[in-house]
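Asks: Numbering (the numbering used here), first residue to last: 5 to 177.
(1) Closest to residue 165 by C-alpha separation, out of 34, 24, 8, would be which residue?
(2) In terms of alpha-carbon separation, which member of 37, 149, 142 lies closest to residue 167?
(3) For the beta strand (DSSP E) containing residue 82, name the first residue and the last one.
(4) Tell me, which residues are paired with residue 175 by DSSP?
(5) Which class does residue 12 belong to by DSSP, given the choice of helix, strand or coil?
(6) With H, G and I counted as helix, E and B as strand and the rest as coil, what does DSSP make of residue 102?
(7) With hydrogens ignored, establish whether the beta-carbon of residue 70 is closer than 6 Å to any heavy atom of the ligand GDP.
(8) In terms of alpha-carbon separation, which member of 18, 17, 42, 13 lies closest to residue 27?
(9) Could you check if residue 57 is buried or exposed, using at least 16 other CB atoms within 10 Å of its CB as the buried criterion?
(10) So which of 102, 84, 106 has the shortest CA-CA distance to residue 140?
(11) Helix, strand or coil: which one does DSSP assign to residue 137?
(12) Check each candidate in 123, 29, 49, 157 and name the one with the smallest Cα separation from residue 17.
(13) Is the segment 69-76 touching the segment 85-94 in the sense that three or more CB pairs, one from each, lie closer than 8 Å?
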C-alpha cells in the first residue's frame, strides 16, 4: 500500500477539502441525519470551497493526508473553543476522510501529527466533540486514548434532527 503523507493545507486545497467534508458526512452520518439534509450538502460544494479557502488564508491549522498524490483526508486543530476550557487545552476541531480510505491508517496519522503539533505549540491536553451514535468515530478516538467528559453534552439541530455531541479529552504528555 502507498504510504500516507501529512502536510499543511493551502488555499488551493479548498475544493478537495470541501468535497471530502461532504462525502464523509453523507456516508458517515447517514444513520444520524435526514436523507434530504445529506443529499442537499452536495449543492454546497462551491460555498464550502470558498469557506475552506478563506479559513486557510486566515491561518487556520489544517493538516492534509495524501496518498499517491491525492488528498484523502484532513484535520483542523487549534485552541479549545469551549468557554470553560482550561489553560493549555487544545482541540481537534474536525477530522474527515474520504470514505474510500476509512480504516486504512490515514486518520491515525492525522491525529498523531496533530497531537505532536499541539504539544509543540504548548498544549498539555486536547479535546474533541463526537456525535452521539457515531460508534465508529468513538471507537477510533478511544484507541487513541480519548475518554468522555462525563455529563458534558452539546445539542445542535441539523436538517430537522437534534444531535447530541459528547466531549472527549486526552492528555498530550
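The C-beta atom is built at its ideal place from N, Cα and C for all residues, glycine as well.
Only a predicted model underlies this, so the values are computations on that prediction, with no experimental measurement involved.
Replies: Result, derived from the coordinates:
(1) Here residue 165 is taken as the residue at index 161 of the chain shown, counted from 1. Among 34, 24, 8, the Cα nearest to that of residue 165 is on 34.
(2) By one-based count along the chain shown, residue 167 stands at place 163. Taking each of 37, 149, 142 in turn and checking the Cα distance to residue 167, the smallest one comes out for 37.
(3) Within the chain shown, numbered from 1, the residue matching residue 82 stands at position 78. Taken as a continuous stretch (DSSP letters only), the beta strand (DSSP E) holding residue 82 covers 74-83.
(4) Numbered from 1 along the chain shown, position 171 holds the residue referred to as residue 175. Answer by DSSP bridge pairing, in chain order: 129.
(5) As a working note, residue 12 is residue 8 in the chain shown. Residue 12 falls in the strand class under three-state DSSP.
(6) Here residue 102 refers to the residue found at position 98 of the chain shown. Coil.
(7) Questions concerning the ligand GDP fall outside what the structure shown contains, since it holds no ligand whatsoever.
(8) Within the chain shown, the letter at position 23 stands for residue 27. Check the Cα spacing between residue 27 and each of 18, 17, 42, 13: the tightest is with 42.
(9) As a working mapping, residue 57 is identified with position 53 in the chain shown. Under this definition residue 57 is a buried residue.
(10) In the chain shown, counting from the first residue as 1, residue 140 sits at position 136. Checked all of 102, 84, 106; the closest Cα to residue 140 is 106.
(11) As a position in the chain shown, residue 137 is number 133, starting the count at 1. Look at residue 137 here: in three-state DSSP terms it is coil, with no helix or strand label.
(12) The count along the chain shown starts at 1 and reaches residue 17 at position 13. Taking only the C-alpha atoms, the option nearest residue 17 is 49.
(13) Counting Cβ pairs under 8 Å, fewer than three are found: no touch.
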